[in-house]
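Please read the structure below before turning to the comments.
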Amino acid sequence: MRPERLRSRPVRLAAVMAVASMALAACGQGSADKEGDAGEPRAGGVATIDWVANPTSLDPLKYNVLGTYNLVGLVYNTLYRWTEEGGLDPELATEDPEVSEDGLTVTFPIREGVNFHDGSPLTAEDVAFTIEQVINPENGSIWYAGLSPITKVSVTDDTTVEVTLSRPHAVLQGIISQVPIISADTEYKPVDTYAREMNGTGPFKFVSWDQGVEVELERNDDYWVEDRPLLDGVVMRTVPEDASRMANLSSGNADIMPMVPFNQVDALEKRGANVEVTDKSALLPLLFPSMQEGRPTANADFRKAVAWAIDRSQIIDNVFKDRAESASTVMSQGTPHWNEDLGTTYGDDPDLDEAKAALAKSGVKAGTKINLIVRNEPMPIAMGTIIQQNLRALGLEASLSPEESAAYLPKLFAGDFDLMMLNIEVGLTSGFTPTYVYSALHSESGGNFTGFSDEKLDELLVKAIGESKDPDAAWAAVQERELETVPLIPTVRAPYVEGYSSRLQGHTPSSLFSLRDLDQAWLSD
23 MRPERLRSRP
33 VRLAAVMAVA
43 SMALAACGQG
53 SADKEGDAGE
63 PRAGGVATID
73 WVANPTSLDP
83 LKYNVLGTYN
93 LVGLVYNTLY
103 RWTEEGGLDP
113 ELATEDPEVS
123 EDGLTVTFPI
133 REGVNFHDGS
143 PLTAEDVAFT
153 IEQVINPENG
163 SIWYAGLSPI
173 TKVSVTDDTT
183 VEVTLSRPHA
193 VLQGIISQVP
203 IISADTEYKP
213 VDTYAREMNG
223 TGPFKFVSWD
233 QGVEVELERN
243 DDYWVEDRPL
253 LDGVVMRTVP
263 EDASRMANLS
273 SGNADIMPMV
283 PFNQVDALEK
293 RGANVEVTDK
303 SALLPLLFPS
313 MQEGRPTANA
323 DFRKAVAWAI
333 DRSQIIDNVF
343 KDRAESASTV
353 MSQGTPHWNE
363 DLGTTYGDDP
373 DLDEAKAALA
383 KSGVKAGTKI
393 NLIVRNEPMP
403 IAMGTIIQQN
413 LRALGLEASL
423 SPEESAAYLP
433 KLFAGDFDLM
443 MLNIEVGLTS
453 GFTPTYVYSA
463 LHSESGGNFT
473 GFSDEKLDEL
483 LVKAIGESKD
493 PDAAWAAVQE
503 RELETVPLIP
513 TVRAPYVEGY
523 SSRLQGHTPS
533 SLFSLRDLDQ
543 AWLSD
């Protein structure tokens, strides 16, 4: 059911006047000195990023996979922007929101003088429209779970949006800071309107997408932040081979290499690249079990058996070269309110006694065929091979299937699989809040891809996400219930590793998995 909405459309005259004033003040902007040494910011040049995977879609509200997330962050703005220290700076909002005494009404002040890339001015109407699309359950937005307490969106003038909540929401500002703002002038249809187009207010404008090859962005000359960006553009290429990505970065043919393989960190540094491990944020490779009726994975005891059988120490040693930690819950180390005792329940080494006891309780017989699907990339295949051996040690006839996203995503949404290993981003990447746990596990969340449903866990998640008095206890209760029901099967927590060239100045690998500081980066000779 969609929320009530006050439909008076505001007049855009004030925004138009502000844009005109800004344009006059910005005459000569972008004409930064193109000369100087490596330490002096300069305009010009195109930064190249080599991603290991192709974006699934350009839709800014539908998905939050890492490649798309970073691309969206360069083209769109949000109301607030997380800092590396865990604070929130206003972006399309002008200051922190005003919250009523009962916590049920939140008012956001919206910035004037901002244009979308198609030339239309941003007003509060666009912000309200974006929120409406997110909280419409039919759209299946990845941000739906975090904003679902909103019951009414009101626009009072060009610069004010007011939302009404069904319950206090302690982390609303942090969640809404992750939502890209889209234009109200274009009807939004999920995975359609923005499947291959982008229209934001950010530092770079979308030019083209050659699917499977690259996405090209160009400088937004009308950007609302003075003297930014300096780069003429950004190209995000799809280069699945790690060897090719390393060669490109080392030779100067690329500027950023996200997702550096852990076993190649030393080799890449020896070839002259900068490599940084961001310990605050991490990837959590999870086994997604099918909840399809009749499959062994639909049984909670079977899922417990798999969780106990995984040799996490072998994964840490062989795949991540001792740069990862064991994970037992989706709520992960590095996230506020994480409970260490609960979050390390399964330990490093497999416990076959516990695993076989849970398997016997599930009623699933030894010799049952189980297929594990992984992304067709080196790291997932290496992890999958270890887990395949673990499942065989449990007495299951396990097979491994490396697949491309075009093959495995339809299976994920249809439940037509047994186990599938995919990554989610955890810790500070979630905006310094545990909202990714809510998004992944709540039965009504668009991020709950398997359709798992547990009424008690839903209640605990709702309580935890709005809890302000004792959030540690509230989230510990979520972890306890997660260990009882095992909706997803965690493996390890692995920090994000990024390589970047020496000629790329003003950029630092982010604890937020973000490339958004490219709006202030530049290229030296």
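Under the numbering used here, the first residue of the sequence shown carries the number 23, and numbering increases by one thereafter. Note that beta-carbon positions come from the ideal geometry of N, C-alpha and C, so glycine has one too. The structure displayed is predicted, hence computed values, not measured ones.
Boundaries of the beta strand (DSSP E) in which residue i is found, first to last residue
i: F130; result: T127 to P131
i: P400; result: Element bounds for P400: not the beta strand (DSSP E) but the alpha helix (DSSP H), P400 to A415.
i: S176; result: I172 to D179
i: G255; result: G255 to T260
i: E291; result: Careful: E291 lies outside any beta strand (DSSP E), inside the alpha helix (DSSP H) at V287 to K292.
First and last residue of the uninterrupted alpha helix (DSSP H) at residue i
i: D214; result: Where D214 is concerned, there is no enclosing alpha helix (DSSP H), given that its DSSP letter is neither H nor E.
i: G488; result: E477 to G488
i: V459; result: T457 to L463
i: I332; result: Here I332 belongs to no alpha helix (DSSP H), and DSSP marks it neither H nor E.
i: D264; result: D264 to S273
Residue-level contact to chain C via CB, residue i, 9 Å cutoff
i: V396; result: No chain C appears in the structure shown, which is made up of a single protein chain.
Between the CA atoms of residue j and residue i - distance to the nearest angstrom
i: R27; j: F138; result: Low confidence applies to R27: its pLDDT is 44, below 50, so where it sits in the model is not reliable enough to give any reading.
i: T215; j: D81; result: 8 Å
i: A331; j: E160; result: 38 Å
i: A496; j: P517; result: 26 Å
i: L239; j: L187; result: 37 Å
i: E419; j: P311; result: 16 Å
i: E147; j: P402; result: 43 Å
i: E399; j: V97; result: 27 Å
i: L126; j: E502; result: 29 Å
i: N296; j: S523; result: 6 Å
i: I198; j: V136; result: 19 Å
i: D547; j: G168; result: 44 Å
i: G528; j: L537; result: 11 Å
i: W165; j: K292; result: 41 Å
i: K343; j: N285; result: 6 Å
i: T152; j: V74; result: 30 Å
i: D207; j: L144; result: 10 Å
i: N445; j: V514; result: 10 Å
i: M220; j: T178; result: 28 Å
i: E134; j: I408; result: 54 Å
i: F226; j: E447; result: 24 Å
i: L271; j: W104; result: 28 Å
Strand pairing of residue i, partner residues [DSSP]
i: K227; result: E240
i: P307; result: N445
i: V183; result: F130 and V177
i: P143; result: N137
i: T300; result: Y518
i: Q527; result: W544
Where residue i sits in the DSSP three-state scheme
i: E117; result: coil
i: P318; result: helix
i: G521; result: strand
i: D111; result: strand
i: I566; result: Outside the displayed range of the chain (23 to 547) lies residue 566, so it cannot be described from this structure.
i: S384; result: helix
i: Q233; result: coil
i: V508; result: coil
i: D323; result: helix
i: K391; result: strand
Heavy atom of the ligand GTP within 8 Å of residue i beta-carbon
i: R503; result: In terms of ligand content, the structure shown is empty, and the ligand GTP therefore cannot be addressed.
Segment contact flag, the region 381 to 396 with the region 356 to 363, C-beta cutoff 8 Å, min 3 pairs: no
- prompt: Would you call the region 321 to 340 and the region 384 to 392 touching, i.e. three or more CB-CB distances under 8 Å?
  reply: yes
message: Does the structure place the region 306 to 323 close enough to the region 371 to 389 that three or more beta carbon pairs sit under 8 Å?
response: yes
- prompt: Should the region 457 to 468 be regarded as contacting the region 332 to 341, the criterion being three or more beta carbon pairs within less than 8 Å?
  reply: no
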